[in-house]
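One structure below.
In full-length UniProt numbering, the protein residues as written are 1 to 135.
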């Protein structure tokens with residue numbers, strides 16, 4: 001029974017190694033592999049994998065912070081579509097951040113408010129009328 005269990009663990013280790021080759025940017029894979037290494041008494045490798053997972057998480061948090069800052073800059077510049085894209089990317093990376101969802105909704109409202117006057121004007125124009133927009 002012990003050999004069968006070890007065989008399953010070795011197969012799992014191969015699967016984690018393959019997953020890391022396919023995409024080495026997923027912290028959870030390193031963390032899971034670290035726990036497996038620990039159960040196989042590979043303590044040094046477990047520490048290496050846990051540290052790798054932590055480093056990936058820290059990088060991701062830094063990226064999320066930067067995307068939020070850039071989104072804020074775009075909002076101040078009234079480039080709401082670009083801010084919306086950055087907030088959407090932030091949510092893809094961290095779907096638990098309620099503040100970013102709120103920022104994304106604010107951008108949607110601001111984009112809608114910017115296009116509203118044009119929709120009203122176009123609604124009242126006849127098909128034969130020509131308009132000239134000046135920017």
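For glycine and all other residues, C-beta sits at the position ideal for the given N, C-alpha and C.
If we count the other Cβ atoms within 10 Å of its Cβ and call it buried at 16 or more, is residue i buried or exposed?
| i | result |
| --- | --- |
| residue 90 | buried |
| residue 29 | buried |
| residue 18 | exposed |
| residue 68 | buried |
| residue 83 | buried |
| residue 23 | exposed |
| residue 80 | buried |
| residue 53 | buried |
| residue 8 | exposed |
| residue 74 | buried |
| residue 49 | buried |
| residue 102 | exposed |
My understanding is that residue i touches residue j, with C-beta atoms under 8 Å, so please give their C-beta distance in whole angstroms.
| i | j | result |
| --- | --- | --- |
| residue 70 | residue 86 | 5 Å |
| residue 13 | residue 36 | 6 Å |
| residue 46 | residue 38 | 4 Å |
| residue 32 | residue 16 | 6 Å |
| residue 93 | residue 66 | Contact doesn't hold; Cβ gap of about 11 Å is too wide. |
| residue 25 | residue 56 | 7 Å |
| residue 104 | residue 88 | 6 Å |
- [ ] Within the stretch 43 to 85, note down every full alpha helix (DSSP H) run reaching 4 residues or more, in order along the chain.
- [x] 43 to 76, all fully within the stretch 43 to 85.
Task: Completely contained alpha helix (DSSP H) runs for the stretch 1 to 48, where each covers 4 or more residues - done: Whole alpha helix (DSSP H) segments, 4+ residues: 2 to 22 and 27 to 39.
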